[in-house]
Structures are given as C-alpha cells and as structure tokens.
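Trainee: Numbered continuously in the working numbering, the sequence shown closes out at residue 439. The C-beta atom is built at its ideal place from N, Cα and C for all residues, glycine as well.
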Amino acid sequence: MTNPIPQFPAGFLWGVSTSAHQIEGAADEREPSVWDTFTAEPGRVKDGSTAAVACDHYHRYREDVALLADLGVDAYRFSLSWPRVNSPKGLDFYDRLVDELLTAGVRPVPTLFHWDLPVTLDWLERDTASRFAEYVSVVAERLGDRVKKWITLNEPAEHTLLGHALGAHAPGKQLLFDALPVAHHQLLAHGLAVRALRAAGAADIGIANSHGPTWPASEEPADVEAAGFYDLLLNRLFADPLLLGQYPEGLGELMPGDVEADLKVIAEPLDWYGVNYYAPTRVGAPQGEDIEFGGLTIPAELPFSVRQIEGVPVTDFGWPVVPSGLTELLTTFRERYGDRLPPVVITENGCSYPGIDDQDRITYLDGHVRALHGALEAGVDVRGYFVWSLLDNFEWAEGYERRFGLVHVDFETQTRTPKSSYGWYRELLRAQR
C-alpha cells in the first residue's frame with residue numbers, strides 16, 4: 007500500500023478542467039470557429055475527425071455535472087466558446103451550466119478563450135484584442151453575479167507556436183518567427199480582458215499559461231544557448247510581460263505597435279497565476295534537419311532542436327513523465343519572479359493513456375500531486391490543482407486517438423464510464439477534506 011498523499015492546506019482548491027471545442031459538440035448551434043475550418047481540411051486531423059459532436063456536452067451537461075458532484079471536486083474549469091456566445095441563445099447555455107454547477111456545489115471557473123477563435127477574426131490583427139475585451143464584457147455582465155473566479159486565456163504559447171508558427175493547429179499558419187505578433191496581441195487581449203472584468207466587479211482573475219523546465223541536451227555551449235532560447239520563447243515570453251511588465255531582452259523590439267504602452271495593459275495585476283504543466287523539455291543545438299517529436303515536425307531552420315529525455319516513462323502520446331519537473335518549475339518561478347509572482351494555481355495537469363482500468367494515469371497523478379506538495383513545502387504559494395481532463399475528448403489535431411479523461415467516453419453511444427483514476431481522485435479528495 008502506498009503512503010498517503012500529504013495534506014494540503016485548508017481551502018486548497020481541487021478541480022478538473024475541460025474546454026468548449028473539445029467537448030461541447032452542437033457545432034450547428036453556434037458560429038464557426040477557426041477549428042471548424044481547420045478540421046474540414048483533409049489531413050489536418052490524424053483520424054480525419056471533427057468536433058462537430060465531440061462529447062455532446064452541450065446536450066448532456068447535466069449528466070457531466072452529476073459526474074463532477076460525485077467526484078467531489080471543489081471547482082470545474084471549463085471554457086466559453088466565443089463563437090457560441092456570438093450566436094443566438096449561446097449565453098443561455100452557459101447560464102444553465104453555471105446554475106447547474108452551483109446547485110451541485112461546484113464552483114464554476116470559466117476560461118474566456120481556449121483556442122476556438124471566431125472565423126471572422128485573426129490574432130495577427132491588433133483589433134482582435136479589442137474585440138475580445140468587448141466579448142468579455144458581455145460575458146461578465148451576464149454571468150458575473152454567479153461566477154467569481156475567471157481565467158482570461160488558455161496557453162497563448164501553444165496557440166502561437168502550434169497554430170501560427172508551425173501550422174499543426176488551427177488556423178494552420180506556418181509563419182515561424184513572423185508569428186510573434188500573435189503572442190503580443192493575445193497578451194494585450196489578456197490585459198484588456200482583466201480591465202473589462204475589473205470594471206464588471208471581478209476580484210479573482212488569472213490566466214492559464216503552459217510552462218515547463220527546459221533542460222539543455224548537454225553542457226556544450228551550443229546546447230546551453232539553444233535551451234536558453236527555447237526557455238525564452240516558451241516560458242519567459244509569456245510570463246515576463248505579465249509579471250514584470252517587460253519582454254525578455256531582444257524580443258520587445260520585434261513586437262508591433264506601441265509596445266511600452268501595451269505592456270502597461272498586459273501587466274494589469276493578477277490575483278493568481280495559472281500554470282499548465284505536463285513535462286520538461288530537453289533542448290539542444292539545431293541538428294540541420296527536420297525532427298519529428300511528440301506528433302510535431304520541428305523545422306530545421308529553428309535555432310534549437312527538441313530531444314528525447316532518456317530513462318523516464320512516457321505516456322501514450324510519447325510525453326515524458328517527470329513529476330519532479332513540476333516542483334522544479336514552481337521553485338524556479340519563485341526564484342525568477344520573487345514577490346511579483348502571485349499565488350499559483352495548477353490549471354492543467356494530466357496524461358493520455360488508453361483503457362478504463364488506467365493504473366498508469368493513477369501513478370502519473372499521484373506523482374504530480376506529491377511533487378506539488380513538495381513545491382508547497384519549498385515555500386511556493388500554491389492555491390489549487392486541476393486535473394486535465396474530466397472527459398475523454400477531441401484532442402485537437404490528434405482527433406479521438408488520445409484519451410486524457412478521468413471518465414471514458416464511447417463516442418458512438420456517448421456512454422460515460424468513470425475510470426479507475428476517477429475513483430482514485432475521488433478518494434484523494436475525500437482524504438483531503
């Protein structure tokens with residue numbers, strides 16, 4: 007029998023996460039998003055699928071909220087579909103969902119943008135940040151009397167890199183470093199959204215940024231330099247402006263517009279900082295050829311190459327399993343940002359494994375929860391932990407081949423079956439009360 011997981015502080019927030027495009031379905035009851043256009047193009051999604059139905063959560067949300075109540079989580083992180091909010095009766099759905107959650111004793115924690123941009127907009131255009139703020143104001147006016155904890159954006163780093171630099175995600179652009187304006191406009195949209203939420207009376211606002219330690223492939227200067235550049239792009243580019251009010255050296259001059267003025271908006275104070283953690287990345291000097299890694303093609307012209315981390319287990323996605331990397335990441339952030347780092351919430355952590363008796367997922371989650379407690383013991387102010395994900399879902403360009411859920415979904419019948427990891431998490435939550 008394993009040792010019990012140590013107790014977390016009273017008031018620690020335990021939850022699970024999902025996103026609208028990955029679970030809602032009902033695509034014909036909303037405006038189209040860039041993901042609808044992307045998945046309609048042959049070859050974009052590995053199994054040729056779309057999210058037109060997905061988990062049919064739009065029609066089955068009561069069943070899914072019942073699963074949340076049975077699981078015993080404090081909070082549910084979901085996202086609002088901007089195209090759905092733009093559609094007639096779109097906000098009515100989120101009204102119903104929020105009310106159902108509150109009736110079940112589960113705190114709603116909505117994310118306002120999780121990659122499903124309306125097809126009429128483009129993050130390369132500065133005006134999209136203003137349109138986002140307008141949308142946020144509409145949502146806050148409708149839901150702000152019941153929703154208290156808000157997340158502005160999910161993983162602007164991945165949306166920039168995968169969607170606009172490498173073309174592996176919607177909208178499928180391959181701009182490489184010409185995608186940097188996308189990063190800036192998303193960060194500006196975040197700052198404008200914080201101001202819109204504050205104007206609506208919100209007092210508990212964060213962002214969900216993906217981060218992970220970057221490990222050089224060797225101590226050779228070329229590998230160390232490449233790893234430092236990768237860390238700049240994937241970690242500091244999206245944390246420094248938010249927490250320090252400045253871009254890392256050399257990047258600010260590459261951004262469009264009046265960057266100094268924009269940074270004052272981007273750095274609006276946050277109540278907490280969300281971290282999505284999955285794994286460290288081992289990085290070395292470029293190897294002169296394209297590299298296939300984790301389902302992605304890393305072009306040879308980039309000034310780094312991503313390498314395998316040897317000697318650790320991997321998920322069925324091929325991602326390394328390194329729980330200690332979470333402790334390392336959080337302690338590094340505390341050292342890097344000091345008192346500029348607000349309290350931290352782990353807004354995503356999870357893994358893809360097949361099967362309903364998913365012992366590998368239990369091992370993964372157990373290790374990461376213990377690593378999170380290690381960060382607490384090291385003095386990091388961590389306030390919450392959300393497992394990704396409640397349900398097996400549409401996993402973006404992977405289609406339905408990767409299963410991240412605590413609950414198995416039969417996509418033909420829409421039958422939900424709690425996995426062994428669901429029972430494990432429920433017992434953990436009971437033990438933490």
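1. Sort out for me which residues DSSP pairs residue 117 with in a bridge.
2. Could you tell me which uninterrupted beta strand (DSSP E) segments, each at least 3 residues in length, are contained entirely in the stretch 259–283, listed from first to last along the chain?
3. Look up residue 390 in the DSSP assignment and say whether it is helix, strand or coil.
4. Tell me the DSSP secondary structure of residue 45 in three-state form.
5. Are the CB atoms of residue 79 and residue 153 within a distance shorter than 9 Å?
6. For residue 416, which of 162, 363, 60, 186 has the nearest alpha-carbon?
7. By the DSSP assignment, the alpha helix (DSSP H) with residue 416 in it spans what residues?
8. Helix, strand or coil for residue 25, going by three-state DSSP, please let me know.
9. By the three-class DSSP mapping on this structure, what secondary structure does residue 71 have?
10. Under a Cβ-count criterion, where at least 16 other Cβ atoms within 10 Å of its own Cβ denotes burial, should residue 390 be classed as buried or exposed?
11. Looking only at its own chain, which residues have a Cβ that is under 8 Å from the Cβ of residue 206, when we skip the five neighbours before and after it?
12. Is residue 284 near residue 212, with beta carbons less than 9 Å apart?
13. Our contact map puts residue 322 next to residue 360 with C-beta atoms below 8 Å; I'd like the distance itself, whole angstroms only.
14. For residue 169, does the three-state DSSP call read helix, strand or coil?
15. Just to confirm, is the Cβ distance from residue 199 to residue 166 under 9 Å?
16. Express the C-alpha separation of residue 437 and residue 170 in angstroms, rounding to a whole number.
17. Between the beta-carbon of residue 87 and the beta-carbon of residue 27, is there less than 9 Å?
18. Would the stretch 349–363 count as touching the stretch 239–249 if we require 3 or more Cβ pairs under 8 Å?
19. For the stretch 327–405, list the alpha helix (DSSP H) runs that are entirely contained and at least 4 residues long, ordered along the chain.
20. In three-state terms, what does DSSP make of residue 109?
21. Between the stretch 51–69 and the stretch 389–407, do three or more beta carbon pairs fall short of 8 Å?
22. Can you tell me whether residue 439 is helix, strand or coil according to DSSP?
23. Are there 16 or more other CB atoms within 10 angstroms of the CB of residue 319, so buried, or fewer, so exposed?
24. Buried or exposed, going by whether 16 or more other CB atoms sit within 10 Å of the CB of residue 117?
25. Look up residue 215 in the DSSP assignment and give the residues it is bridged to.
26. Would you mind sorting residue 425 into buried or exposed? The rule is 16 or more other CB atoms within 10 Å of its CB.
27. Cβ of residue 214 within 9 Å of Cβ of residue 161?
28. Tell me whether residue 320 sits in a helix, a strand or coil according to DSSP, three-state version.
29. Between which two residues does the alpha helix (DSSP H) carrying residue 183 extend?
30. Are the beta-carbon atoms of residue 434 and residue 375 separated by less than 9 Å?
31. Decide if residue 429 is buried, meaning its Cβ has at least 16 other Cβ atoms within 10 Å, or exposed.
Mentor: Per the coordinate set shown:
1. 85, 157
2. 279–282
3. strand
4. helix
5. No, these two residues do not count as a Cβ contact at 9 Å.
6. Closest in alpha carbon position to residue 416, among 162, 363, 60, 186, is 60.
7. It is not in any alpha helix (DSSP H) - residue 416 instead sits in the beta strand (DSSP E) that spans 413–416.
8. coil
9. helix
10. Around the beta-carbon of residue 390, 16 or more other beta-carbon atoms lie within 10 Å, marking it buried.
11. 143, 146, 147, 150
12. Taking 9 Å as the Cβ cut-off, residue 284 and residue 212 do not qualify as a contacting pair.
13. 6 Å
14. The answer is helix: DSSP assigns residue 169 an H, G or I state.
15. no
16. Cα to Cα, residue 170 sits roughly 44 Å from residue 437.
17. yes
18. With fewer than three CB-CB distances shorter than 8 Å, the stretch 349–363 does not count as touching the stretch 239–249.
19. With a minimum length of 4 residues, the continuous alpha helix (DSSP H) runs that stay inside the stretch 327–405 are 330–343, 365–383.
20. helix
21. Yes: at least three Cβ pairs fall under 8 Å.
22. coil
23. exposed
24. buried
25. According to DSSP, residue 215 bridges with 281.
26. buried
27. yes
28. strand
29. It is not in any alpha helix (DSSP H) - residue 183 carries neither H nor E in the DSSP assignment.
30. Going by C-beta atoms, residue 434 is nearer than 9 Å to residue 375.
31. Classification of residue 429: exposed, given that the 10 Å Cβ count is below 16.
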